[in-house]
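Once you know that position 126 of the sequence shown is 744 in the numbering used here, the rest is easy, because the numbers rise by one and skip nothing. Here a beta-carbon is modelled for each residue, glycine too, at the ideal position from N, C-alpha and C. This report concerns only the one structure given below.
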Amino acid sequence: MRSFSRRSLIGHAAAAAVVAGAASPMLNGTARPRVVVVGGGAGGASVAHHLARDAGNALDVVLIEPSRTYHTCFFSNLYLGGLFDRAGLIHGYDRLAALPGLQIVHDWVSSIDPDTRSVRLGSDVQLRYDRLVL
619 MRSFSRRSLI GHAAAAAVVA GAASPMLNGT ARPRVVVVGG GAGGASVAHH LARDAGNALD
679 VVLIEPSRTY HTCFFSNLYL GGLFDRAGLI HGYDRLAALP GLQIVHDWVS SIDPDTRSVR
739 LGSDVQLRYD RLVL
C-alpha cells in the first residue's frame with residue numbers, strides 16, 4: 619500500500635479538481651484545456667508540476683515566471699550554519715520544462731481579464747486559459 623503525505627494528497631486533489639473542472643473543452647472535441655499558473659515559487663512550481671504529471675497529458679499547463687532561477691528558503695538554515703553550499707539553494711526550471719504538457723514562460727503578467735479568460739504578459743502577448751492559478 620502506498621502512503622500519502624499531506625503535500626502529495628493536496629497536489630493530487632488540486633490536479634483532480636482542475637481536470638474535472640476543465641473537462642468541458644474535451645467533451646466537445648476542442649483542444650486540451652489550458653491551465654495558466656502565475657508564479658514559479660515553491661507553490662506555483664509545485665502546482666504546475668503536479669498538474670502536468672497527474673493529468674496524463676490531458677492538460678496544457680503554462681507556468682509564468684519572470685526569473686530563470688528560483689532561490690529556495692528550504693535548507694537555508696543549513697547554508698547559514700555553513701553545512702550547505704549556496705548553490706544548492708538555487709534551482710532552475712529545466713526539470714519542470716521537460717515534463718510533457720508543461721510550458722514555462724519567462725515573462726511578467728501585466729493584466730488578467732477574467733471576462734475573456736486571458737492573461738496579458740509584459741511582452742504584450744495574450745494567453746487564454748480555461749483555469750487560472752494565482
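message: To the nearest angstrom, how far is the alpha carbon of Leu705 from that of Ala670?
response: Sequence check: residue 705 is Ala here, not Leu. Computed Cα separation, rounded: 27 Å.
message: With three or more C-beta pairs closer than 8 Å as the rule, is the segment 733-752 touching the segment 706-722?
response: no
message: Quick check on this structure: which residue in Arg652, Asn695, Ala716 has the alpha carbon closest to the alpha carbon of Leu707?
response: Asn695
message: Just to confirm the assignment: which complete beta strand (DSSP E) runs, minimum length 3, are found wholly within the segment 659-742?
response: 678-682, 687-689, 708-710, 720-723, 727-731, 736-739
query: At what residues does the beta strand (DSSP E) containing Leu752 begin and finish?
result: No beta strand (DSSP E) holds Leu752; DSSP gives it neither H nor E.
field: Buried versus exposed, by CB contacts within 10 Å (16 or more), Ala660
entry: exposed
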